[in-house]
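Colleague:
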Amino acid sequence: LGGKKGAYHLVHPLDHVNLSQSTNDVYPTALKVAAIRMVLSLAEAIARLQGAFQEKETAFAHVLKLGRTEMQDAVPVTLGQEFGAFAEAVARDRWRLFKVEERLRQVNLGGTAIGTGLNAEREYIYAAIDELQEITGLGIARAENMVDVTQNADVFAEVSGLIKAAAVNLAKIAADLRLLSSGPGGGIAEIALPQMQAGSTIMPGKVNPVIPEMVTQVALQTISFDQAITLAAASGQLELNAFLPLVAFNLLSALRLLTNAVTTFRTHCVEGIRANEEACLYWLEKSLSLVTALVPYIGYEKAAELSRKAEEEKKTVREVAMESGLLKAEELEHILSTVELTRPGIAGARKLKRKRAENRT
2 LGGKKGAYHL
12 VHPLDHVNLS
22 QSTNDVYPTA
32 LKVAAIRMVL
42 SLAEAIARLQ
52 GAFQEKETAF
62 AHVLKLGRTE
72 MQDAVPVTLG
82 QEFGAFAEAV
92 ARDRWRLFKV
102 EERLRQVNLG
112 GTAIGTGLNA
122 EREYIYAAID
132 ELQEITGLGI
142 ARAENMVDVT
152 QNADVFAEVS
162 GLIKAAAVNL
172 AKIAADLRLL
182 SSGPGGGIAE
192 IALPQMQAGS
202 TIMPGKVNPV
212 IPEMVTQVAL
222 QTISFDQAIT
232 LAAASGQLEL
242 NAFLPLVAFN
252 LLSALRLLTN
262 AVTTFRTHCV
272 EGIRANEEAC
282 LYWLEKSLSL
292 VTALVPYIGY
302 EKAAELSRKA
312 EEEKKTVREV
322 AMESGLLKAE
332 ELEHILSTVE
342 LTRPGIAGAR
352 KLKRKRAENR
362 T
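Under our numbering, the first residue of the sequence shown is numbered 2, with each subsequent residue one higher.
1. Indicate the three-state DSSP secondary structure (helix, strand or coil) for residue 143 in the structure shown.
2. Once the 5 residues before and after residue 43 are set aside, which same chain residues still bring their CB inside 8 Å of it?
3. Going along the chain, which unbroken runs of the alpha helix (DSSP H) with 4 or more residues stay wholly within the region 250 to 319?
4. So what does DSSP say about residue 115, is it helix, strand or coil?
5. Bridge partners for residue 78 per DSSP, in chain order?
6. Taking 8 Å as the threshold (C-beta atoms), are residue 104 and residue 156 in contact?
7. Between the alpha carbons of residue 153 and residue 232, how many angstroms are there, rounded?
8. Tell me where the alpha helix (DSSP H) around residue 220 begins and ends.
9. Residue 108 by DSSP, collapsed to three states: which one?
10. Judging by CA-CA distance, which residue of 92, 299, 147 and 134 is the nearest neighbour of residue 111?
11. Could you check if residue 59 is buried or exposed, using at least 16 other CB atoms within 10 Å of its CB as the buried criterion?
12. Taking DSSP's pairing of strands, which residues face residue 241 in a bridge?
13. Taking three-plus beta-carbon pairs below 8 Å as touching, is the region 206 to 224 in contact with the region 173 to 183?
14. From the DSSP secondary-structure annotation, give me the bridge partner or partners of residue 192.
15. Work out the CA separation of residue 79 and residue 1 for me, nearest whole Å.
16. Quick check: what's the CA-CA separation for residue 65 versus residue 198?
17. Looking only at C-alpha atoms, which of 94, 15, 63 and 69 sits nearest to residue 46?
18. Could you name the residues of the same chain whose beta carbon sits closer than 7 Å to that of residue 68, not counting the 5 residues immediately before and after it, in chain order?
19. In whole angstroms, give me the CA-to-CA distance for residue 53 and residue 89.
20. What is the rounded straight-line gap between the Cα of residue 109 and the Cα of residue 267?
21. Measuring only the C-alpha atoms, how far is residue 141 from residue 151?
22. Taking the alpha-carbon of residue 317 as reference, which of 273, 289, 249 and 118 has the nearest alpha-carbon?
23. Which same chain residues end up closer than 7 Å to residue 84 when comparing Cβ atoms and leaving out the 5 residues on each side of it in sequence?
24. In whole angstroms, give me the CA-to-CA distance for residue 251 and residue 226.
25. Helix, strand or coil: how does DSSP classify residue 73 here?
26. Please state whether the Cβ-Cβ distance between residue 349 and residue 335 is less than 8 Å.
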């Protein structure tokens, strides 16, 4: 414009640059735009992680293993079913993020100081929203009640809560993978994780599950971010929440950290997981829980007797059941098959009922 710095008669920072706007409407709007983009990135990363779990669900569908509840032996499950449960958990997180993104689209741009729009022409308010839509490519919309949106930060607490829910699921999955891969000689070792780095300076050959451990730490940090956001959102007074800088720092940090963690989890861990079918079968056959499937055929008391005998004689349930003669070998094999043990209903009932009916005729 031909002027010098400080020549405010040409362009004044308040009369011109700041015309029709306030930090109280521009700042939260900018935060929402950033959050939308990062929420979408996180949702995309989670979708890819879901796909990786689904691939493992298919690959491990035939691997029968011991289920565990409260760290004790339970009834059988397939390794594929466990990974399918992981896929469903993160799928819910993906859906939650997809829905909550709509909440962030309602902005108070043009509301100026407290949402009433004082000193902003109506034409400017609508033009500013239209321009923002054009620049960002997002479905930004003017909030119906701009006073409400200016003073209340609950939408950020809502978004943060859903991010925390995703972190909780990831922490649980990471813990499961660490436990299932424990060993390799003295643990469960039903799966093998990709080896990322040497795990000890004193124990040669030791490899630690560093990627799941990283995911756990990011999840814990995300939970702490949510606590800070919750307190900041609750600390506003009257027409404005003065603590949005804290909200912004923690929300965007949570989104960035979790997105990076999810991507690393998928590429450096989940995609390379291998099943140890030998270990899965070993723990399953060693457990007494298989006797549960025999109860509908021989009754609870006889099943309990088989369980006690197996424990006393250090034999498998399959072995003592065969020795007892309570069931034919063919019947026993069918009842204890992968398909029959891992679907609703009484294991083997359909086929055995049909076969016995044929024998009677």
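Even for Gly, the Cβ is constructed at its ideal location relative to N, Cα and C.
Modeller: On the basis of the supplied data:
1. In this structure, residue 143 counts as strand in the three-state DSSP scheme.
2. For residue 43, same chain residues with a beta-carbon under 8 Å away, outside a window of 5 residues either side, are 98, 164, 167, 256, 259, 260 and 263 in chain order.
3. Fully enclosed alpha helix (DSSP H) runs of 4 or longer: 278 to 287, 296 to 299 and 301 to 314.
4. In the three-state scheme derived from DSSP, where H, G and I count as helix and E and B as strand, residue 115 is classed as coil.
5. Bridge pairing for residue 78: 66 [DSSP].
6. Cβ atoms of residue 156 and residue 104: closer than 8 Å.
7. Rounded to the nearest whole angstrom, the C-alpha separation of residue 153 and residue 232 is 13 Å.
8. 211 to 235 is the span of the alpha helix (DSSP H), which, as asked, contains residue 220.
9. The three-state secondary structure of residue 108, taken from DSSP, is strand.
10. Comparing alpha carbon positions, the residue from 92, 299, 147 and 134 closest to residue 111 is 147.
11. Exposed: under 16 other Cβ atoms inside 10 Å.
12. Per DSSP, 238.
13. The region 206 to 224, when compared against the region 173 to 183, does touch it at the 8 Å Cβ threshold.
14. Secondary-structure assignment with DSSP links residue 192 through a beta bridge to 276.
15. Absent from the model: residue 1. The displayed extent of the chain is 2 to 362, so no value can be given.
16. Cα-Cα distance, rounded: 30 Å.
17. Of 94, 15, 63 and 69, the residue nearest in Cα terms is 94.
18. Within the same chain, Cβ atoms closer than 7 Å to the Cβ of residue 68 are found at 75, 76, 77 and 78, the five residues on either side in sequence being excluded.
19. Their Cα atoms are separated by approximately 12 Å.
20. C-alpha separation (whole angstroms): 38 Å.
21. C-alpha separation (whole angstroms): 16 Å.
22. Cα-wise, what sits closest to residue 317 is 289.
23. The residues 54, 57, 58 and 61, in chain order, have a CB closer than 7 Å to that of residue 84 in the same chain once the five nearest residues on each side in sequence are set aside.
24. The straight-line gap from Cα to Cα measures roughly 5 Å.
25. In the displayed model, residue 73 falls within a strand according to three-state DSSP.
26. In this structure, the beta-carbon distance from residue 349 to residue 335 falls below 8 Å.
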